[in-house]
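Right, one structure below, let's go through it.
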Amino acid sequence: MGEKIGFMTTLLIFGIGVIPLLISTFTDHTQSAKLLTISTEVQQMVTAEGGVTEKVEGVVSNLANQGVEVSFLDKEGNPVTGIVPVGEEIVIQYEWGDFNTTNQVLVTKRN
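Using this note's numbering, the letters of the sequence shown map in sequence onto residues 899 to 1009.
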């Protein structure tokens, strides 16, 4: 009888403590991986477009509907809109829940 109670207690502790921790860790990992993927895609798009074009703004508005906030700034911290001259650096900041990341893009495309 003692073995049954000990085994049931062990299962209860595992179910209450370890399983929620594993689920929380998996959820956090999935969200951070998704944010990093989004940041890479937006960075490549801004590089290809030569700045913050209508196409980039459309993607950013779709991301905003999903809860991801994206902002484009120059080196001084001023907002960037439109196509920028070659050689300008754009700092892209991403925020999604508790996760934040930043990318920098050097514009090399001539329009």
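We treat Cβ as the ideally placed atom computed from N, Cα and C, and that holds for glycine.
Look at the Cβ atom of residue i, then the Cβ atom of residue j, and state whether they are nearer than 7 Å.
i       : j       : result
Ser937  : Tyr992  : yes
Val968  : Val958  : yes
Thr945  : Val1003 : yes
Gln889  : Asn998  : Limits of the chain in this structure are 899 at one end and 1009 at the other, which puts residue 889 out of reach.
Gly949  : Gly915  : no
Lys973  : Glu987  : yes
Trp994  : Leu934  : no
Val1005 : Val978  : no
Can you tell me whether residue i is helix, strand or coil according to DSSP?
i       : result
Asn1001 : strand
Val950  : strand
Ile899  : According to the sequence displayed, residue 899 carries Met and not Ile. DSSP places Met899 in coil when its eight states are reduced to three.
Gln964  : coil
Per DSSP, which residues does residue i bridge with? Please list them.
i      : result
Phe970 : Ile990
Gly980 : Val950
Touch check for the segment 946 to 964 and the segment 919 to 926: three-plus C-beta pairs under 8 Å? no
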